[in-house]
Every structure is written in structure tokens, then in C-alpha cells.
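The structure under discussion appears below in the form of C-alpha cells.
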Amino acid sequence: PSDELPQSQTRALASMDRYAKAASRLGVITVDEHVDHTIREVKLARRHGQRHFVPLGVQMAATRLGVSRGKMAFLGGDRAVRLGDREIRGDDDFSVWLNWRGRGAFPVVSAVDVLDGTVDLAGRMVVVGYAQLAQDSARTPWGREPAALTHATLMDNILADDLLIRAGKPAELALVGLCGGLVVLGFLLPWRPARFLGALAGCAAAVVLPPAAFLAQGTWLPGVGALLAAFGGTLVAFTAAWLQEGSEARALRKAFAHYVSDELLAEMVKDPSLVQLAGQRRDLSILFSDIRSFTTYSERIEPLDLIGFLNHYLTPMTRAVMRNRGFVDKYIGDAVMALFGAPVPEEAHAEHACRAALDMFTGLDSVRPEAAKHGIDLAIGVGVNSGVVAVGNMGSADRLEYTVLGDAVNLASRLEGLTKTYGVFCLLGERTARALPPVFRVRRLDLVRVKGKEEPVEIFELCGDDRVTVVSHAEPEAWEAGVQAWRDGDFPTARAAFTRFRDANPDDRVAGLYLERMALLGEPPQPWDGVFTHQTK
Numbered sequence: 002p003s004d005e006l007p008q009s010q011t012r013a014l015a016s017m018d019r020y021a022k023a024a025s026r027l028g029v030i031t032v033d034e035h036v037d038h039t040i041r042e043v044k045l046a047r048r049h050g051q052r053h054f055v056p057l058g059v060q061m062a063a064t065r066l067g068v069s070r071g072k073m074a075f076l077g078g079d080r081a082v083r084l085g086d087r088e089i090r091g092d093d094d095f096s097v098w099l100n101w102r103g104r105g106a107f108p109v110v111s112a113v114d115v116l117d118g119t120v121d122l123a124g125r126m127v128v129v130g131y132a133q134l135a136q137d138s139a140r141t142p143w144g145r146e147p148a149a150l151t152h153a154t155l156m157d158n159i160l161a162d163d164l165l166i167r168a169g170k171p172a173e174l175a176l177v178g179l180c181g182g183l184v185v186l187g188f189l190l191p192w193r194p195a196r197f198l199g200a201l202a203g204c205a206a207a208v209v210l211p212p213a214a215f216l217a218q219g220t221w222l223p224g225v226g227a228l229l230a231a232f233g234g235t236l237v238a239f240t241a242a243w244l245q246e247g248s249e250a251r252a253l254r255k256a257f258a259h260y261v262s263d264e265l266l267a268e269m270v271k272d273p274s275l276v277q278l279a280g281q282r283r284d285l286s287i288l289f290s291d292i293r294s295f296t297t298y299s300e301r302i303e304p305l306d307l308i309g310f311l312n313h314y315l316t317p318m319t320r321a322v323m324r325n326r327g328f329v330d331k332y333i334g335d336a337v338m339a340l341f342g343a344p345v346p347e348e349a350h351a352e353h354a355c356r357a358a359l360d361m362f363t364g365l366d367s368v369r370p371e372a373a374k375h376g377i378d379l380a381i382g383v384g385v386n387s388g389v390v391a392v393g394n395m396g397s398a399d400r401l402e403y404t405v406l407g408d409a410v411n412l413a414s415r416l417e418g419l420t421k422t423y424g425v426f427c428l429l430g431e432r433t434a435r436a437l438p439p440v441f442r443v444r445r446l447d448l449v450r451v452k453g454k455e456e457p458v459e460i461f462e463l464c465g466d467d468r469v470t471v472v473s474h475a476e477p478e479a480w481e482a483g484v485q486a487w488r489d490g491d492f493p494t495a496r497a498a499f500t501r502f503r504d505a506n507p508d509d510r511v512a513g514l515y516l517e518r519m520a521l522l523g524e525p526p527q528p529w530d531g532v533f534t535h536q537t538k
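Residue numbers (our numbering): 2 to 538.
Take a look at the structure:
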């Protein structure tokens, strides 16, 4: 029957004439690429008229095994080639799947060394071909390799009896059923997060099981169908779930989906009574960030270029917030305002806010090349403060915005502005600093009155955590001694300590600020409280 024979071909590549005439055996060197131009399989036999030709790698293996041509046979019905007492089986289209060894598996020697007699090839199987990838190369699962290694790999696989096995249709269909079934199961369970877990499990199974089968048994299990089943099942299941939701929930999604976070939206859908203008009081942390001197830069950058740069910059800043369970309240030009502990309550909101600030610091590295193109020496300031604020939907009956109001918000904004004065990356309010676990490194910085507030506040510098180091100071004892002496009104001791600290940390601006204050004051005025009043925001 025709389906027991390889497809007839009008031509096939063989070795060059000068080698073919001297050869005791000839093999086809034609190989077929997949749609991604990668060689993964070799036809076990090719038909031209009534004759069948096997690949060069098969002939090489036969030679190595000492199998004469009379003991070689093509078994069309079995889709196999017999080499003596060894049988090599192909799949439905007469292909065998190569078990590529990886880079450097086969030694490559120069023809010059062979001609010079410096390489001993006695008793070895040799494939002659171009070694330069620009002249004759093939794309393998390991990357570009000399095309001649295709034949060496086939021979080596036959000799080692470890050609890859392609799983049959039943196994492929079973994988499709498993991945699709996991998605469906997730949507049948009453627990809402199970939908996402089921979809994730289905997609993960489609991605993980094929390579696992390969590593465990050398079996190639196609996973494209399973992945499509998982994605398709997810799409269908999500669509069905949306259609089953009540009209009130759909109305909320339609009204709020474009300007609230997914977590807030889920909270509102779960409890529609939360959707009210009055809001609620909640303890949370507020973060403000801003690019230093951005107004100056914006005056000389074209508006469209400025928008493109801001979009590039705000992407990693936003991801830093989202990654740490924050909610981006708004963008104000280049500034970012974010909330932690709202809309979803969080016990460790101060920790999340500070980790987001540190992730912003590391995220600047990805933006600096783009900033340099526009002549921007990229640096930002971040202020974080914690406190009880009013949080909720605020606005009119026609337009709402989920945001916060309160003194804690104003102080966070003031702290961000003061980072430029002190020359630091991030300033923390006292409640934020006191709430952090020991893995965070903070420096007690100053006791100040910010503009618009009479009550003094203690501020701290965020220096790093167990993952990120923003700044590291030498002589920390000198710093603490200087701050304490300043607050006690002991200017000589404070002056000596801050001078020692500045000498050990020449890039630190804050010690210099203290020395300048003492130079202006001469002696501490009475009554002395150690508080410095800032006149600017």
C-alpha cells in the first residue's frame, strides 16, 4: 500500500562525486527543517521511483556495526530499517527523532591537521564537511551547529540505541484532556481563586510535562495541543463565568474596571456596599516619588519625547508598587502617589511601601539609558509615611476617584520634597520607620517641622534592606553621637562628631547641613528643642 512507502521524491542530496565514486556505501544527506527552521528529525528512508535510499548516518552506523549491505533491509510495512539483527523504527512519516548531544559532543578537527598527520583517525568514524557556520550550518535545539553533525548525531543515536521516541496520539490526547480538565475543574469549584489556579495548573502542565517526559524517558510529547486546550479552556471558562455573574456585579465592573486596581475591583464586587462616597478611616502607608529637577529637563525636551520618556520611566516604578501589594493612586506628571494597606487591608503596609521604594531604586537602572538620550541625569526622591487617613471613593456622582486624605498624606508629600534638601534617596516618617522589621537599615536623620505643620516630626533615611543597599555609611557611631549631641544642645560635641562622620563619608550631605546650622547659630538658642523648621515644601 502507498501509505507503507515513503513519499516519492524527485531528487535528494548525496555526497560530492569525488567522494561518492570512492565510497563503498552511499547515504542521502538531505535533511528537513521544521517550520522554525530547526532540524529535529531525519527521514529513515527516501523513495525515488522504485528505489529506497537511507540517510548517511544509517550507512555509517551499519559500517560501524559491521553490517554488510546484504544484511540491510527496508521494511516498509513496519516503517523501519533493519541493520543485521538491529531494527530502527520510524514514526508514521518514516522519521526518526534525533537526540542531540549538545555543543562540543563531537570533536571537530581541521583538515590541515589531518593532512599533516597530526591527528590519529585510525578506527574512527569521520564526517567530512564544512566547520564554518557561515558556509554550511544547521539550526539545532542547541543552536547553530555544522550541518555535518546531523549525520554524526544520527549515527551516534543508532549505535547508542537512544533515538528519541515521539509519544503516540493516545498520550498526546491524554495530555490535552488533562490540561483542559484542570481548567474546567477550577471553574467548577465554588472557591473563586480556584478559577485562576485551575487555569494556571492547566497551562503549567502543558509547559512542564513535555520536558519532564523527555528528561525521564527520552520521549518527545508534543505540548502545543495541550497548551491550546488550556488557553482555549481558560477563555471559554472565563467567558462563561462572566455571563453567569449578576447584573449588579457586571455593572460595577463596567463602571470601575478602567480606573481601579484588580484587587479593589474584586473587593467591590464581593461587597457592593463598599461603593459609597463617604469612605472609611484606615491605617496605611503612603508613598510619593518624584524625578529630581524634572521641571528643568521638561523645558528643553520636545513634548512627544517627554511623554515617551515618562511612559518608559513610569513602567518600572508602577511595577515596583504593584509587586509589593501597593495601589497606584495617581500620576502627577513625573510624580507617583501610591497606597499600601488600601484598598485591601495589610498588616505590614509600612514594610511593603519601603520594599516598593527600594524596588524603585533598582528599577532606575533600566531607565537610565533612555534618560541619558534626553540629557537627563536620572535621580528620584521618595517619601513614605504611615498613619490613619480617610480612604474611599471621592468625587461626584458622575466621576469617582479612589484616594486618601489626611495629615499623613501631606507629610509623605513633604518628606519626598525634603529628600532633595538632605541629598538622600528616601525619607521615612517616624511611624513608618518604627514599624519596619530588623532587615531594613534606616538612619535617624533629623527632628523637623515641615512647612504647614507646627508639630515636630522625626524623620529617617531608608538605607536598604536584606536585598538592596542604597547607601552604606562608615562611622555610624559618630553619626548617632552627633545627632544626640545636637538634640541635647551640646554643639562642641556635635560639631566634632559630625566633622568626623563627614570626613569618613565625604558624599554625605546631611552632616554638612548640621555643621552649617551650628555655624549660623553659634550657640543653641534658649529654650532649645533640637527641632529645625523648614520654610519650603
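Ideal Cβ positions, reconstructed from N, Cα and C, are used throughout, including at glycine.
In this text the structure is predicted, and so the values were computed from the model without any measurement.
Beta-bridge pairing of residue i - partner residues as DSSP gives them
i	result
Glu402	Met395
Pro525	DSSP, once it has assigned bridges, lists no residue as partnering Pro525.
Trp221	Arg167
Asn506	Looking at the DSSP assignment, Asn506 forms no beta bridge with any residue, so it has no partner.
Ser290	Val337 and Val383
Ile460	Gly430 and Asp447
Lys44	Ser96
Glu146	Ala139
His53	Arg48
Arg320	In the DSSP output, where bridge partners are listed per residue, Arg320 has none listed.
Gln281	Val392
Proximity below 8 Å, CB of residue i to CB of residue j
i	j	result
Val1	Leu412	Any property of residue 1 remains undetermined from this structure, which presents the chain solely from 2 to 538.
Gly224	Gly203	no
Ala207	Ala227	yes
Gly327	Ala336	no
Arg87	Met73	no
Asn325	Ala357	yes
Ser138	Ser286	no
Phe461	Arg444	yes
Gly424	Arg510	yes
Trp98	Arg167	yes
Val383	Ser290	yes
Ile381	Leu406	no
Contact set for residue i: own chain, Cβ-Cβ below 7 Å, skip 5 residues either direction
i	result
Phe95	Pro7, Lys44, Leu45, Ala46 and Arg80
Met519	Phe492, Ala495 and Arg496
Glu34	Ile40
Ala498	Ala479, Ala482, Gly483 and Ala486
Ser367	Pro317
Tyr260	Below a pLDDT of 50, predicted positions are generally treated as unreliable, and Tyr260, at 38, falls in that range; the measurement from the model is reported next regardless. Taken in chain order, the list of residues that qualify is empty.
Asn158	Leu99, Asn100 and Leu164
Cβ-based neighbour list, residue i, same chain, cut-off 6 Å, excluding 5 preceding and 5 following
i	result
Leu448	Pro457, Glu459, Gly531 and Val532
Asp284	Val389
Ile302	His375
Trp529	Gly490
Arg26	Gln60
Leu401	Asn394
Glu264	Val345
His152	Leu57, Gly58 and Val128
Cβ-based neighbour list, residue i, same chain, cut-off 8 Å, excluding 5 preceding and 5 following
i	result
Pro2	Only weak support exists for where Pro2 lies, its pLDDT of 38 falling under 50; the coordinates are left without a value.
Val185	Gly199, Gly234 and Ala238
Ala231	Cys180, Gly181, Leu183, Val184, Ala200, Gly203, Cys204, Ala206 and Ala207
Gly280	Ala391, Val392, Gly393, Asn394 and Met395
Asp4	Annotation note: pLDDT 46 at Asp4 (below 50); position unreliable, no value reported.
His38	Arg140
Alpha-carbon spacing of residue i relative to residue j, whole angstroms
i	j	result
Trp487	Ala495	5 Å
Arg293	Asp360	18 Å
Val68	Leu150	22 Å
Val209	Gly58	32 Å
Leu463	Leu165	56 Å
Ala505	Thr470	18 Å
Val484	Leu446	8 Å
Val127	Ala112	11 Å
Ala256	Ala354	Summary for Ala256: the model assigns pLDDT 47, below 50, so the residue's position carries little reliability; its value from the coordinates is reported in the next sentence. Approximately 29 Å between the Cα atoms of the pair.
Thr404	Gly393	6 Å
Tyr332	Asn312	11 Å
Met61	Pro142	23 Å
Met17	Glu42	23 Å
Gly85	Val55	15 Å
Leu229	Glu173	12 Å
Residue i Cβ short of 7 Å to the ligand NAP heavy atom set
i	result
Val97	Judged by which ligands are present, the structure shown has none, so any question about the ligand NAP falls away.
Residue-level contact to chain C via CB, residue i, 8 Å cutoff
i	result
Gln536	The chain labelled as chain C is not found in the depicted structure, where only one protein chain is given.
**Request:** Starting from the N-terminal side, write out each stretch of the alpha helix (DSSP H) that is 4 residues or longer and does not extend beyond the stretch 322-365.
**Result:** 350-364
**Request:** For the stretch 80-117, list the alpha helix (DSSP H) runs that are entirely contained and at least 4 residues long, ordered along the chain.
**Result:** Taking 4 residues as the minimum length, the alpha helix (DSSP H) runs contained wholly in the stretch 80-117 are 112-117, in order along the chain.
**Request:** With a floor of 4 residues, list each alpha helix (DSSP H) that falls wholly inside the stretch 174-220, ordered by position along the chain.
**Result:** 194-218
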